[in-house]
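Some notes on the structure that comes next.
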Amino acid sequence: MTVFHFFNCAILTFGPHAVYYSATPLSEYDTLGTSIKAAVVYLATALVKLICLATFLKVSESDSFDPYQEFLKALIGFIDVAGLYFALTQLTHRNISQNHKFQAVGLGWAFADSVLHRLAPLWVGARGLEFTWDYILQGLEANANLVLSISLAALGSLMWLRKNKPKTLIPIIYLSAGIVATMPSITSYLRRGLGWHFPKVVGFELFTSLVMAFISWQLFSVCQRPSV
Amino acid sequence: MAPRKPREREMLFDSVIALVFILVACVDLCDGATVVDVYRLIQYDMSGVPFGSRLASLNHHAASLHFSPHADLSRTVLLIPLRELNMSFVKEYIAESKPLGGLIFLLPRMFSFENKDGMGSNHQDESKEPLKNVLDELEKILIHANLPYPVYFAFEDDNIDAVLTDIKKNDVTGQPATATTGGYKFVVSATEPKKVVSPPITNIQGWLAGLKTDDDAHQLPTIAIVASYDTFGAAPALSVGSDSNGSGIVALLEVARLFSLLYSNPKTRGQYNLLFGLTSGGPYNYNGTHKWLRSFDQRLRESIDYAICLDSIGSWENELWIHVSKPPENAFIKKIHEDFSSVAEELGFKVNLKHKKINISNPRVAWEHEQFSRLRVTAATLSELSTAPEFLEKTGGLVDGRHFVNEAAIVRSVKLIAESLARHIYGHQGKNIQIFADNSNLAVNPSYVRSWLDVLSQTPRVAPFFSKSDPFVMALKKELEDHTDDVNLHRDVLDGIVTFYDSTSTKLNIYQVASVTFDLLLLLVLGSYLIVLFSFLVITTRGLDDLISLFRRPPSRKVKTA
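Taken in order, these protein sequences are the chains called A and B.
Residue numbers 76 to 303, in the working numbering, belong to the letters of the first sequence in order.
Residue numbers 2 to 563, in the working numbering, belong to the letters of the second sequence in order.
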């Protein structure tokens, strides 16, 4: 791997965040501050998760899939939902519509996640001589993560910020949010429980994220119609 | 307008999903770096002339023998299995000094002393002989060549065989590994080899004192049994020399063990002193033997009745050779030959006499006994070789391994030597007495022979790379102490005919690297992806008109200025 390859993988990992910001109306409504605040909330949430993982989870010698430990990990993963709730409801925003607010929060959230989880391995990998597809797959995973984060933010916006949503859609909204929130546990199960290889897991993540994005978009569109 | 947009969006979604799955299907995870033990071709100077591999560090792409005839190999490492080696290719590249990035020869596992399989089998596999001959010839060529690039030996295993298969596939399809096409890169991180200054040599001497009668005022005569223990080969880390001269060492130790039993009892102690010598510097005109003999005081030297040197007695079948420098008509030579011949005849094989005159002005010392003969001591060499090897040949190189040594031959050699010495010592000429008969207390111990042969077959023994207190030398000393009295180490340095360099073994890292072309294509794909993503996001959030308007602003500005 060369610096050129590192550059390529960095583009794949962080480029979509910049493209999303500049392509959508976010750049016109001065939502950068909101994204930064959401990123800070993400870092705080990650710290809390780290402390909880260290406190309640025991380190397993074997790499096998332990259902109880994974369930505990999923519960701790819901701290992300709490953090997202805080970011969506408690942060002060001046003159930003709900439509753009959830996108800014989701974007900041996903960017912070990519920086925290992928920048260091990418940087270390650039010094190695061995070529491997892992870093390209990590970049693709970052794309899937961006889509999932914005989907979760959209669903969260529907759950906590929109008051007059149709009653028949409420279970679907909560079910979709639950699926998106447990996606890390699902991928962990696929990887360690079923023994899937990294390319297959990344493919599944991309497919699932696009499906959930489509569903979230449809739900958001339907909920917007009565106000029009 | 309204009903068209959802269809366009769904089509975009489908195409993105299809692209993602195509990309995922193309992904093929490859293994990480492979690490292989490699053993470096020896580097040495002879009278200032450089020989062997003159570089140690390696950092080049790899290729196989299936490279294009017009390919430039100056920055390429050739990975050549011994099984596919074409000797004319090697000769051509070496004789014409064609540039190479490096050479790595893959040896079959039968040449590895770490190979545990078939250790007990002494059968001559039919596929062994051709490979042995090829390796022998290759070793001669490499030892006498000056190669300005790194040359290494490695053993076949699953990892490197898989790498070789990949490299061959790439070469056949006309995709040799270069900086622009990717492929496998071989890396050996090594420092510049340094000269070995004053390489130490150590001779080990053991003594069994004979029975002295009170009325005899003279010094007892002495018989010397000598074997050289160090080796020389194309790869110093692989030069175990099972036959040359591991077999000689084993035979000497067993003879010492047998005679220590006889000499421990005053009733069976002979009236000859026995001097056992394990000498160093054998490949270099028996330099260690020369120094050892010069350290003798005159009385000891004059008391030597004769010396018998053991050299390569581990893979013969029907006949052995006694090499002498004095004329066969000499009374002492005749007696030695008669002793050995009669015992051999009883044991069912033949011992031939071979006379080779010493040319004093020639520095070449072909046999160990010649060092004794130059000092006017009667001496002979017992060997399975009928002719003297050339300098630095048959010195325990790559082909001389455990698989090619027959311990039964060593057992018979020990019996011959011990019985002949006993007849000389106890004066049993003409009588059909076997002191070392099978199934007796004094029988040759095959287990002893086998275990020591196994130890020697796992110990590379090129003299300059031994330390002064090498554990192997200490082990030989201790073993000799168990059987003889007055064990001494005689230390000296090798004379300056040959200068050696270090760095004999290291690790080879094999990386599979991507090409610059691949990364350029990847950059193109990523750029396209981001452009498509940008367009998709603009269309879905602002509408198609906004996307078009991004490219229409410049004409409108022109209109304004006009």
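Yeah, the Cβ is synthetic: ideal placement off N, Cα and C, and Gly gets one too.
> How about Glu320 (chain B) and Val352 (chain B): do their beta carbons lie closer than 9 angstroms?
Replying inline: Residue numbering aside, residue 320 (chain B) sits at position 319 when the second sequence is read from its first letter. Residue numbering aside, residue 352 (chain B) sits at position 351 when the second sequence is read from its first letter. Yes; because the gap between Cβ atoms is below 9 angstroms, this pair is in contact.
> Cβ of Lys357 (chain B) within 9 angstroms of Cβ of Val325 (chain B)?
Replying inline: Taking the first residue of the second sequence as position 1, residue 357 (chain B) is located at position 356. Taking the first residue of the second sequence as position 1, residue 325 (chain B) is located at position 324. Going by C-beta atoms, Lys357 (chain B) is nearer than 9 angstroms to Val325 (chain B).
> Under 9 angstroms between C-beta atoms, does Pro64 (chain A) make it to chain B?
Replying inline: A query on residue 64 (chain A) cannot be resolved here, the shown segment of chain A reaching from 76 to 303 and no further.
> In three-state DSSP terms, what is Leu56 (chain B)?
Replying inline: Stepping through the second sequence from its first residue, residue 56 (chain B) is reached at position 55. Coil at Leu56 (chain B), not helix or strand.
>> Less than 6 angstroms between C-beta atoms, sequence neighbours within five positions excluded: which residues of the same chain meet that for Ala288 (chain A)?
In response: The count along the first sequence starts at 1 and reaches residue 288 (chain A) at position 213. Cβ within range, chain order: Val222, Ser226.
> Can you tell me the Cα-Cα spacing of Pro82 (chain B) and Asp188 (chain A), whole angstroms?
Replying inline: The sequence position of residue 82 (chain B) within the second sequence is 81, counting from 1. The sequence position of residue 188 (chain A) within the first sequence is 113, counting from 1. Taking the straight line joining both Cα atoms gives about 49 angstroms.
>> Can you pull out the residues from the stretch 95-107 of chain A whose beta carbon lies closer than 8 angstroms to at least one beta carbon of chain B?
In response: Tyr95, Ser97, Ala98, Thr99, Pro100
> Using the beta-carbon count (16 or more within 10 Å), is Arg258 (chain B) buried or exposed?
Replying inline: Position 257 of the second sequence holds residue 258 (chain B). It counts as buried.
> Are any of the Cβ atoms in chain B nearer than 9 angstroms to that of Pro91 (chain A)?
Replying inline: Translated into the one-based positions of the first sequence, residue 91 (chain A) becomes position 16. So, interface residue.
> Gly249 (chain B) lies in the alpha helix (DSSP H); which residues open and close that run?
Replying inline: Here residue 249 (chain B) refers to the residue found at position 248 when the second sequence is read from its first residue. Segment 249-264, the alpha helix (DSSP H) holding Gly249 (chain B).
>> Could you tell me which whole alpha helix (DSSP H) segments of length 4 or greater appear in the stretch 330-403 of chain B?
In response: 332-348, 370-374
>> So Leu269 (chain A) contacts chain B; which residues on that side make the cut at Cβ distance below 7 angstroms?
In response: Counted from its first residue, the first sequence places residue 269 (chain A) at position 194. Residues of chain B passing the Cβ test: none, with the nearest at roughly 17 angstroms.
>> On the DSSP bridge list, what partners appear for Phe322 (chain B)?
In response: Residue 322 (chain B) sits at position 321 when you count from the first residue of the second sequence. As written in the sequence, residue 322 (chain B) is Trp, which differs from the Phe given in the question. DSSP, once it has assigned bridges, lists B:Asn353, B:Ser384 as partnering Trp322 (chain B).
>> For a test of the three-state rule: what should DSSP assign to His272 (chain A), helix, strand or coil?
In response: Position 197 of the first sequence, counting from 1, holds the residue named residue 272 (chain A). Three-state DSSP puts His272 (chain A) in coil, outside helix and strand.
> Which chain B residues are close to Asn83 (chain A), counting only those with a beta carbon under 7 angstroms from its beta carbon?
Replying inline: What you label residue 83 (chain A) is simply residue 8 of the first sequence in a count that begins at 1. Per Cβ cutoff of 7 angstroms: Asp520, Leu523, Leu524, Leu527.
>> Quick check: is the beta carbon of His80 (chain A) nearer than 9 angstroms to any beta carbon in chain B?
In response: For the purposes of this step, residue 80 (chain A) is taken as residue 5 along the first sequence, with counting starting at 1. Chain B, which has a Cβ nearer than 9 angstroms to the Cβ of His80 (chain A), makes this yes.
> Which value, in whole angstroms, describes the spacing of the CA atoms of Ser458 (chain B) and Asp244 (chain B)?
Replying inline: Within the second sequence, the letter at position 457 stands for residue 458 (chain B). Within the second sequence, the letter at position 243 stands for residue 244 (chain B). Cα to Cα, the separation comes out at about 9 angstroms.
> According to the Cβ coordinates, are Ala98 (chain A) and Leu534 (chain B) closer than 9 angstroms?
Replying inline: Within the first sequence, numbered from 1, the residue matching residue 98 (chain A) stands at position 23. Within the second sequence, numbered from 1, the residue matching residue 534 (chain B) stands at position 533. Yes, the pair counts as a contact, with Cβ atoms nearer than the cut-off.
>> Are the CB atoms of Gly397 (chain B) and Asn246 (chain B) within a distance shorter than 9 angstroms?
In response: As a working mapping, residue 246 (chain B) is identified with position 245 in the second sequence. As a working mapping, residue 397 (chain B) is identified with position 396 in the second sequence. The answer is yes: Cβ separation under 9 angstroms.
> Cα separation between Leu30 (chain B) and His272 (chain A)?
Replying inline: Your numbering for residue 30 (chain B) matches position 29 in the second sequence. Your numbering for residue 272 (chain A) matches position 197 in the first sequence. Unreliable positioning characterises Leu30 (chain B) in this predicted model, as indicated by a pLDDT of 32, which lies under 50. The coordinate reading is nonetheless provided below. About 9 angstroms.
>> Using a 10 Å radius around the Cβ and a threshold of 16 neighbouring Cβ atoms, would you call Ser65 (chain B) buried or exposed?
In response: Taking the first residue of the second sequence as position 1, residue 65 (chain B) is located at position 64. By the 10 Å Cβ count, Ser65 (chain B) comes out buried.
> Which two residues bound the contiguous alpha helix (DSSP H) that contains Val188 (chain B)?
Replying inline: Working through the second sequence from its first residue, we reach residue 188 (chain B) at position 187. Not the alpha helix (DSSP H): Val188 (chain B) falls in the beta strand (DSSP E), residues 184-189.
> Anyone know if the C-beta pair for Ala149 (chain A) and Thr257 (chain A) falls short of 9 angstroms?
Replying inline: Indexing the first sequence from 1 puts residue 149 (chain A) at position 74. Indexing the first sequence from 1 puts residue 257 (chain A) at position 182. Yes, Cβ-Cβ distance for Ala149 (chain A) and Thr257 (chain A) is below 9 angstroms.
> Between the C-alpha atoms of Val91 (chain B) and Ala410 (chain B), what's the straight-line distance to the nearest angstrom?
Replying inline: Here residue 91 (chain B) refers to the residue found at position 90 of the second sequence. Here residue 410 (chain B) refers to the residue found at position 409 of the second sequence. Each residue's alpha carbon lies about 35 angstroms from the other.
> Does the distance from the CB of Leu80 (chain B) to the CB of Phe156 (chain B) come in under 9 angstroms?
Replying inline: For the purposes of this step, residue 80 (chain B) is identified with residue 79 of the second sequence, where counting begins at 1. For the purposes of this step, residue 156 (chain B) is identified with residue 155 of the second sequence, where counting begins at 1. In this structure, Phe156 (chain B) does not lie closer than 9 angstroms to Leu80 (chain B) by Cβ.
>> Considering just the uninterrupted stretch of the beta strand (DSSP E) at Pro82 (chain B), what are its terminal residues?
In response: Here residue 82 (chain B) is taken as the residue at index 81 of the second sequence, counted from 1. Segment 77-82, the beta strand (DSSP E) holding Pro82 (chain B).
>> Taking the straight line between their C-alpha atoms, what separation do you get for Gln165 (chain A) and Gly278 (chain A)?
In response: Counted from its first residue, the first sequence places residue 165 (chain A) at position 90. Counted from its first residue, the first sequence places residue 278 (chain A) at position 203. Distance between the alpha carbons of Gln165 (chain A) and Gly278 (chain A) is about 35 angstroms.
> Is it true that the stretch 87-104 of chain B meets the stretch 145-154 of chain B, where meeting means three or more beta-carbon pairs spaced less than 8 angstroms apart?
Replying inline: yes
> What in chain A is Cβ-close to Phe535 (chain B), meaning under 7 angstroms?
Replying inline: As a working note, residue 535 (chain B) is residue 534 in the second sequence. Residues of chain A passing the Cβ test: Val94, Ala98.
> Taking Cβ-Cβ distances shorter than 9 angstroms, what residues in chain A pair up with Leu59 (chain B)?
Replying inline: The count along the second sequence starts at 1 and reaches residue 59 (chain B) at position 58. Result: empty, since nearest Cβ-Cβ is about 13 angstroms, beyond 9 angstroms.
> To the nearest angstrom, how far is it from the Cα of Leu42 (chain B) to the Cα of His61 (chain B)?
Replying inline: Working through the second sequence from its first residue, we reach residue 42 (chain B) at position 41. Working through the second sequence from its first residue, we reach residue 61 (chain B) at position 60. Rounded to whole angstroms, Leu42 (chain B) to His61 (chain B) spans 18 angstroms at the Cα level.
>> With H, G and I counted as helix, E and B as strand and the rest as coil, what does DSSP make of Val406 (chain B)?
In response: The residue you call residue 406 (chain B) lines up with position 405 of the second sequence. Of the three classes helix, strand and coil, the one that applies to Val406 (chain B) here is coil, per DSSP.
> Which stretch, first to last residue, makes up the beta strand (DSSP E) that contains Ser506 (chain B)?
Replying inline: For the purposes of this step, residue 506 (chain B) is taken as the residue at position 505 of the second sequence. That run of the beta strand (DSSP E) goes 506-514.
> If we count the other Cβ atoms within 10 Å of its Cβ and call it buried at 16 or more, is Ala438 (chain B) buried or exposed?
Replying inline: Walking along the second sequence from the start, residue 438 (chain B) turns up at place 437. When all chains shown are included, Ala438 (chain B) counts as exposed.
>> Residues of chain B with CB closer than 7 angstroms to the CB of Leu87 (chain A), please, in chain order.
In response: Your numbering for residue 87 (chain A) matches position 12 in the first sequence. What Leu87 (chain A) touches in chain B: Leu527.
> Under a CB-based cut-off of 9 angstroms, is Ile290 (chain A) close to chain B?
Replying inline: Numbered from its first residue, the first sequence carries residue 290 (chain A) at position 215. Ile290 (chain A) does not count as touching chain B.
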